[in-house]
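Asker: Residues in the sequence shown are numbered from 14 upward in steps of one, following our numbering. Ideal Cβ positions, reconstructed from N, Cα and C, are used throughout, including at glycine. The model shown is predicted, which means the values in this text are computed figures rather than measured ones.
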Amino acid sequence: MRTELGTPVKYTLPIGENLLEMNELIGKEVSMKFDGRINCISCGKKTKTSFGQGFCYNCLQTAPEASESVLRPELSKSHLGIARDMEWAEKHDLIDHIVYLAVSTEVKVGVTRIHQIPTRWIDQGASSAIKLATTPNRHIAGIIEVFLKKHFTDKTNWRAMLQCETALICTLLEEKEKVIRLLPGELRKYVEIDNSITEICYPVQKFPDKIKSVSFDKMPVIEGVLAGIKGQYLIFGNDSVLNIRKHNGYFIQIKSHS
Ligand SMILES: [Zn+2]
Numbered sequence: 014m015r016t017e018l019g020t021p022v023k024y025t026l027p028i029g030e031n032l033l034e035m036n037e038l039i040g041k042e043v044s045m046k047f048d049g050r051i052n053c054i055s056c057g058k059k060t061k062t063s064f065g066q067g068f069c070y071n072c073l074q075t076a077p078e079a080s081e082s083v084l085r086p087e088l089s090k091s092h093l094g095i096a097r098d099m100e101w102a103e104k105h106d107l108i109d110h111i112v113y114l115a116v117s118t119e120v121k122v123g124v125t126r127i128h129q130i131p132t133r134w135i136d137q138g139a140s141s142a143i144k145l146a147t148t149p150n151r152h153i154a155g156i157i158e159v160f161l162k163k164h165f166t167d168k169t170n171w172r173a174m175l176q177c178e179t180a181l182i183c184t185l186l187e188e189k190e191k192v193i194r195l196l197p198g199e200l201r202k203y204v205e206i207d208n209s210i211t212e213i214c215y216p217v218q219k220f221p222d223k224i225k226s227v228s229f230d231k232m233p234v235i236e237g238v239l240a241g242i243k244g245q246y247l248i249f250g251n252d253s254v255l256n257i258r259k260h261n262g263y264f265i266q267i268k269s270h271s
């Protein structure tokens, strides 16, 4: 789902050629049907199974957007001229990256490309976030993240995030100051001077009591009253939650009525 920062976040779902305004479906009965077709998000070819959130097996092995440095930025070697595709790396790895602290249920550290802010924070369901450092490439951002993993988690506990109505009261600025003191001197020069805190609120009418994770791999039809959207998850009134990003490239029909 595409997102736009607003109060609350505005979600749109690209379905074929159309863009569906998801916020308008909240409170309504929604039925989503998967017809069995999956197209790779890189090469567009049909694939039986989706790997790494939308790739065919071949692209998982070869496509630059599926390389190991996507999940582990510290493994990026493009600053040394080594990458699956240097042209892609120049546009995606050798550009400014942001190391950030974000709060969903606890404070986590993460890395993203500069133009992915605030999208990345919204996708994770963060309630607030602050920039820590700006680095000239993905590798250095990854090195800072690895260093900070000793002090903060780098994972989002998505179950807790989806049940968390009130944001953890936490002073991100204090955490940032703590981080600056922890960083070794040679990494401290990348510290970001912008201390503004982005607060994010999601269109959710009702948070789930118990979470039932559902997927089109197990059931072709997923339906219920849409109770809200947080991160990349659709929350249904019957406590089912659907991770939309997991189904990138899936051919889905969607119907709704009040
Ligand atoms: Zn492919």
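When you compare the segment 138-153 with the segment 111-119, are there three or more beta-carbon pairs, one atom per stretch, that lie closer than 8 Å?
Answerer: Yes, they touch.
Asker: Starting from Asp-136, trace the alpha helix (DSSP H) both ways and give me its first and last residue.
Answerer: It spans 132-136 - the alpha helix (DSSP H) in which Asp-136 sits, taken as one unbroken run.
Asker: Does the segment 100-109 touch the segment 167-174, meaning 3 or more C-beta pairs lie closer than 8 Å?
Answerer: Flag = no, the segment 167-174 and the segment 100-109 do not touch.
Asker: Pairs of beta-carbons, one from the segment 152-169 and one from the segment 83-91, closer than 8 Å: are there three or more?
Answerer: At 8 Å Cβ cutoff, the stretches touch.
Asker: According to the Cβ coordinates, are Glu-212 and Ser-117 closer than 8 Å?
Answerer: No, they are not a contact pair.
Asker: Name the residue from Met-99, Gly-94, Thr-62, His-92 whose alpha carbon lies nearest to the alpha carbon of Ala-76.
Answerer: Among Met-99, Gly-94, Thr-62, His-92, the Cα nearest to that of Ala-76 belongs to Met-99.
Asker: Buried or exposed, going by whether 16 or more other CB atoms sit within 10 Å of the CB of Arg-258?
Answerer: Arg-258 should be labelled exposed.
Asker: Would you mind listing the alpha helix (DSSP H) stretches within the segment 17-90 that are 4+ residues and don't spill past its ends, in chain order?
Answerer: Within the segment 17-90, the complete alpha helix (DSSP H) runs of at least 4 residues are 70-75, 81-84.
Asker: Does the Cβ of Pro-221 have 16 or more other Cβ atoms within 10 Å, making it buried, or fewer, making it exposed?
Answerer: When all chains shown are included, Pro-221 counts as buried.
Asker: Compare the C-alpha of Ile-235 against each of Gly-244, Asn-251, Lys-243, Ile-242 and name the closest.
Answerer: That would be Asn-251, whose Cα lies nearest to the Cα of Ile-235.
Asker: Spatial neighbours of Ser-269 within its chain, please: CB distance less than 6 Å, with the 5 preceding and 5 following residues excluded, ordered by chain position.
Answerer: Only Leu-38, Lys-41, Val-43 meet the Cβ criterion.
Asker: Between Ser-63 and ligand 1, is the CB less than 7 Å from at least one heavy atom?
Answerer: The answer is no for Ser-63.
Asker: To the nearest angstrom, how far is it from the Cα of Cys-302 to the Cα of Cys-56?
Answerer: The chain is shown only over 14 to 271; residue 302 falls outside these bounds and no answer can be derived.
Asker: Any heavy atom of ligand 1 inside 7 Å of the beta-carbon of Asn-71?
Answerer: Yes, ligand 1 has a heavy atom inside 7 Å of this Cβ.
Asker: Do Ile-54 and Gly-244 come within 8 Å of each other at the CB atom, strictly closer than that value?
Answerer: No.
Asker: So what does DSSP say about Lys-144, is it helix, strand or coil?
Answerer: Three-state DSSP puts Lys-144 in a strand.
Asker: For Trp-134 and Gly-49, what's the separation of their Cα atoms in angstroms?
Answerer: The alpha-carbon atoms of Trp-134 and Gly-49 are separated by roughly 31 Å.
Asker: Cβ-heavy atom distance between Cys-177 and ligand 1 below 7 Å?
Answerer: Result no, Cβ not under 7 Å from ligand 1.
Asker: Reducing DSSP to helix, strand and coil, say where Gln-245 ends up.
Answerer: In the structure shown, Gln-245 sits in coil (DSSP, three-state: anything other than H, G, I, E or B).
Asker: Taking only beta-carbon atoms, is Glu-78 less than 8 Å away from chain C?
Answerer: This model lacks chain C altogether; it includes just one protein chain.
Asker: Within the same chain, show all residues whose beta-carbon is closer than 8 Å to that of Lys-225, passing over the 5 residues directly before and after it, in chain order.
Answerer: Hits under 8 Å: Asn-251, Asp-252, Ser-253, Val-254.
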